[in-house]
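Written out below as structure tokens is the structure these notes cover.
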Ligand SMILES: Cc1cc2nc3c(=O)[nH]c(=O)nc-3n(C[C@H](O)[C@H](O)[C@H](O)COP(=O)(O)OP(=O)(O)OC[C@H]3O[C@@H](n4cnc5c(N)ncnc54)[C@H](O)[C@@H]3O)c2cc1C
Ligand SMILES: Cc1cc2nc3c(=O)[nH]c(=O)nc-3n(C[C@H](O)[C@H](O)[C@H](O)COP(=O)(O)OP(=O)(O)OC[C@H]3O[C@@H](n4cnc5c(N)ncnc54)[C@H](O)[C@@H]3O)c2cc1C
Ligand code: SF4
Ligand code: FES
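Written out as structure tokens, the structure reads:
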């Protein structure tokens with residue numbers, strides 16, 4: 050293959066299509082939908098990149114991955130170099146390549162997108178990351194600096210905590226990661242399903258941290274098992290990355306009927322507790338007709354899960370239109386391919402039950418879009434008198450989550466905003482000396498990459514805090 | 500891994516297990532519980548912390564084998580270990596000085612009641628304990644409770660020990676006598692029993708605290724699966740409870756939600772080998 054392509058030759062290449070499991074087949078299993086590019090496909094796609102001088106894609110990436118640099122190495126077939134660049138900027142690229150909303154980040158601003166399709170940055174990131182996971186021997190061996198003797202406690206093993214752990218260990222600090230659940234990964238483990246993010250990837254990333262000397266202690270609920278104060282006494286600094294694990298309830302009639310789940314419960318049963326496996330004791334109601342309320346990634350994950358658990362009809366009920374849906378484009382697209390029905394401009398009014406306390410239907414209100422609200426999206430307003438009923442036996446509430454007060458309620462000195470999120474400065478420092486925070490507990494429900502970005506920048510702040518402490 | 504140091508059988512299928520869990524032993528207060536995840540592919544099972552020894556770093560659990568997961572836990576011998584134990588979870592009991600209190604335990608509820616009754620006694624309350632079960636072998640912890648109770652009264656359904664009948668009969672007698680009428684009642688046991696106690700005390704306006712046992716997963720307020728209705732409000736029992744005002748609890752809803760997975764549980768039970776199946780108590784709900 051020719052090495053130095055002209056811009057014209059690059060422009061002539063068409064965007065690669067991700068090999069996918071056939072929709073009919075994949076709704077019968079929990080294996081990954083996207084199968085990943087072949088090396089040949091990846092190199093060809095990499096050659097589409099124009100290696101722009103202005104590099105807008107980098108600015109589009111919340112952690113500023115040097116996108117054209119790793120793509121250039123990949124285009125030359127130099128995978129170790131591509132991996133080295135990528136891993137230096139992003140600690141969890143195999144995760145991000147699968148779950149980042151590229152269409153609103155790097156790919157949205159890609160120069161090639163102005164005329165035709167942007168470079169498939171996400172696919173390429175995933176390809177290089179998967180290659181790196183499969184070829185640890187081809188990567189430069191990590192040399193850890195001498196131990197600084199400083200100890201940092203991290204609360205929560207989601208993307209924010211995992212990133213923080215890696216960054217601090219590489220600076221020679223002692224790191225202990227405390228996790229409330231019996232397994233690591235946060236939303237990556239209990240929220241995002243196997244068919245989108247195989248758990249072996251989370252396992253490998255965690256094992257890599259352990260190889261760096263990170264201590265992981267599961268089953269420690271900070272605020273209950275130990276308090277923030279105790280951690281502050283025992284450690285030189287504390288990072289709080291405990292996520293936004295509190296379901297927002299619908300507060301409508303019928304919410305306590307059997308067959309009504311919060312998305313957190315539904316997905317936790319399936320993902321963390323493996324209810325999808327026949328050989329597993331965790332029970333779950335296998336609805337025949339399932340309504341999922343919401344339009345974000347969580348809603349897409351829940352509705353596609355219900356299909357895989359054997360539902361005949363799996364329905365999204367969302368109060369605005371598809372254009373306002375916060376879910377990743379690819380998830381909506383995959384959901385449609387899988388036969389998910391979308392009922393838009395509809396809001397739940399009441400969950401209807403039968404005489405035995407089981408869900409039998411969902412009463413909905415028809416909506417229309419009115420004036421834009423604070424978020425700039427047009428506000429849904431009820432169309433008076435227009436309601437309709439859906440016959441369903443399972444309802445999953447995926448309207449959102451908020452900060453869980455379990456930890457913060459036991460740390461009265463920690464400053465919170467009015468929604469219960471921890472207040473920090475731009476480096477993640479809270480009002481308490483030596484206590485830092487990041488990810489969803491600071492931002493509210495956001496994204497994996499923003500949580501990682503917080504972990505990364507707060508690690509720099511913690512490192513300088515520890516140096517000053519001497 | 501959490502090491503099992505001791506495992507005794509107190510009554511048919513009721514075990515007392517002492518487990519090494521130093522962080523929990525240190526932090527725990529009466530009324531709180533743990534979640535036990537016995538093995539990698541297991542369920543997460545909420546269990547009340549019956550007792551704790553912070554010096555030795557141990558907690559004591561009382562467990563009744565009612566299904567596959569509780570059976571898995573009680574068949575872990577001393578020397579064996581349980582994969583995960585998280586806690587202490589839930590709100591501690593609000594121990595107040597009531598004066599005279601009645602602590603009512605039904606079946607295994609007696610074990611759950613034990614730390615609470617002890618704490619009430621230690622706070623200077625005069626504790627009358629009423630324990631019930633279907634027959635004599637199911638009456639547990641009577642001696643342990645007698646160590647700090649003014650009186651331990653027993654009721655069995657078949658009359659093989661104490662008064663024949665239900666704990667509510669005994670409690671009614673206490674209430675009807677002005678010299679023994681309690682200022683507060685703590686009732687822990689099967690849902691129908693707690694409901695019956697709450698109904699009994701309601702007309703007298705006697706404060707009645709019950710401990711709810713809905714199905715749970717995380718125990719940290721993350722999933723909402725444990726929701727119960729108390730007055731007009733939906734509460735998450737794992738973080739807002741497990742103890743609530745018995746006069747406000749919607750017991751019908753609790754019982755109904757507890758039956759959500761009955762089909763799956765029956766299926767799992769049917770797949771167990773016969774000799775194990777016999778080990779499981781058919782619980783009255
Ligand atoms: C179903 C679902 C799908 C999603 N899909 C996407 C997607 O496709 N792309 C995307 O970018 N984002 C997605 N998100 C959002 C993204 O997952 C989150 O923004 C991100 O995980 C936040 O990371 P975090 O580290 O702040 O917290 P989390 O991932 O929530 O992790 C927090 C961890 O802290 C633990 N913890 C909580 N309290 C305590 C305590 N008191 N003591 C100890 N540990 C504690 C929790 O158990 C958890 O493991 C999705 C979210 C959900 C729920
Ligand atoms: C806060 C709290 C504290 C508890 N403390 C104790 C304790 O100290 N000792 C103890 O033995 N048990 C206790 N329980 C009950 C215990 O958690 C259940 O018995 C257990 O979850 C049953 O699991 P299983 O798989 O063995 O049985 P399953 O096969 O799941 O169920 C067997 C039978 O028990 C019923 N059941 C299922 N879950 C519960 C439940 N949560 N409560 C009551 N019945 C249930 C089922 O409907 C079925 O009839 C407590 C529960 C809670 C919520
Ligand atoms: S904007 Fe697009 S074409 Fe330009 S360097 Fe970035 S990925 Fe390549
Ligand atoms: S058990 Fe999940 S919120 Fe209570």
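Residue numbers (my numbering), protein chains in the order written: chain A, 50 to 519; chain B, 500 to 784. All C-beta atoms in this analysis are idealised placements derived from N, C-alpha and C, irrespective of residue type, glycine included.
Beta carbon of residue i: closer than 8 angstroms to some heavy atom of ligand 4?
i              : result
residue 719(B) : yes
residue 314(A) : yes
residue 738(B) : yes
residue 532(B) : no
residue 735(B) : yes
residue 12(A)  : Examination of residue 12(A) is not possible in this model, given that chain A is present from 50 through 519 alone.
residue 716(B) : yes
residue 722(B) : yes
Let me make sure I understand the geometry here. Which of the options has the alpha-carbon closest to that of residue i?
i              : options                           : result
residue 110(A) : 177(A), 375(A) and 149(A)         : 149(A)
residue 681(B) : 516(B), 589(B), 649(B) and 717(B) : 649(B)
residue 66(A)  : 300(A), 171(A), 227(A) and 315(A) : 171(A)
residue 90(A)  : 64(A), 100(A) and 102(A)          : 64(A)
residue 729(B) : 742(B), 717(B) and 720(B)         : 742(B)
residue 671(B) : 501(B), 701(B) and 584(B)         : 701(B)
Cβ of residue i within 9 angstroms of Cβ of residue j?
i              : j              : result
residue 711(B) : residue 736(B) : yes
residue 213(A) : residue 507(A) : yes
residue 217(A) : residue 512(A) : yes
residue 453(A) : residue 294(A) : yes
residue 397(A) : residue 366(A) : yes
residue 460(A) : residue 278(A) : yes
residue 221(A) : residue 195(A) : yes
residue 88(A)  : residue 180(A) : yes
residue 117(A) : residue 100(A) : yes
Helix or strand or just coil, what does DSSP make of residue i?
i              : result
residue 159(A) : coil
residue 94(A)  : helix
residue 552(B) : strand
residue 784(B) : Summary for residue 784(B): the model assigns pLDDT 35, below 50, so the residue's position carries little reliability; its value from the coordinates is reported in the next sentence. Of the three classes helix, strand and coil, the one that applies to residue 784(B) here is coil, per DSSP.
residue 346(A) : helix
residue 583(B) : strand
residue 363(A) : strand
residue 525(B) : helix
residue 310(A) : strand
residue 37(A)  : Nothing about residue 37(A) can be reported from this structure: the residues present for chain A run from 50 to 519 only.
residue 62(A)  : coil
residue 506(B) : strand
residue 241(A) : coil
residue 410(A) : strand
residue 84(A)  : coil
residue 115(A) : coil
By Cβ distance below 6 angstroms, which residues in the same chain neighbour residue i in space, the five residues on each side in sequence not counted?
i              : result
residue 319(A) : 325 and 354
residue 310(A) : 445
residue 598(B) : 682
Heavy atom of ligand 1 less than 8 angstroms from the Cβ of residue i, yes or no?
i              : result
residue 227(A) : yes
residue 149(A) : yes
residue 495(A) : yes
residue 248(A) : no
residue 589(B) : no
residue 430(A) : no
Cutting at 8 angstroms between CB atoms, please list the residues of its own chain near residue i, excluding the five before and the five after it.
i              : result
residue 784(B) : In this prediction, residue 784(B) scores a pLDDT of 35, lower than 50, which makes its location untrustworthy; the coordinate-derived value is nonetheless stated afterwards. So the qualifying residues of the chain are 689, 690, 691, 754, 757 and 758.
residue 782(B) : With a pLDDT of 44 at residue 782(B), under the threshold of 50, the modelled position of that residue is not reliable, and no figure is offered here.
residue 269(A) : 227, 228, 229 and 275
Residues in its own chain within less than 7 angstroms of residue i by CB, not counting five upstream and five downstream?
i              : result
residue 115(A) : 107, 134 and 138
residue 241(A) : 148 and 350
residue 448(A) : 297, 299, 342 and 343
residue 658(B) : none
Let me check you understand the geometry: is the CB of residue i closer than 8 angstroms to at least one non-hydrogen atom of ligand 3?
i              : result
residue 201(A) : no
residue 161(A) : yes
residue 97(A)  : yes
Residue i: beta carbon under 8 angstroms from a heavy atom of ligand 2?
i              : result
residue 542(B) : yes
residue 761(B) : yes
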